[in-house]
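What follows is one structure encoded as structure tokens, with my remarks underneath.
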Amino acid sequence: MPATVQKWGNSLGIRIPKKVAEELGIVNGSQMEIIVKEGQIILKPAKIELTLEELMVQITRENQHEEIDFGKQEGNELL
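Heads up: take any position in the sequence shown, counting from 1, add 6, and you land on our numbering.
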């Protein structure tokens with residue numbers, strides 16, 4: 007899919023077509039990883055690693071599941 011490079015401030019930019027953005031789940035403000043490999047530019051959504059604290063803050067009563075009974079404890083899972 008061809009795209010045109012355009013000046014954006016002191017940098018250059020390429021617009022991502024809506025169809026491509028939707029397919030990859032890219033929205034305004036998405037973090038992207040830029041890789042230069044063998045004379046090519048590769049763009050891919052950045053993997054954002056959240057801390058345990060950042061994940062815990064997202065737990066609400068609405069998204070918390072009920073306790074699941076897996077039967078009696080055996081082996082190394084005994085506490």
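Don't be surprised by glycine CBs; every beta carbon is placed ideally from N, CA and C.
At least 7 Å separates the beta-carbon of Met62 from that of Ala52. Listed in chain order, the non-local C-beta contacts of Ile48 below 7 Å within the same chain comprise Ile41, local neighbours out to five positions each way being set aside. Rounded to whole angstroms, Gly31 and Lys78 show a C-alpha spacing of 42 Å. Cβ contact annotation for Val26 (same chain, cutoff 8 Å, sequence separation greater than five): Met7, Ile32, in chain order.
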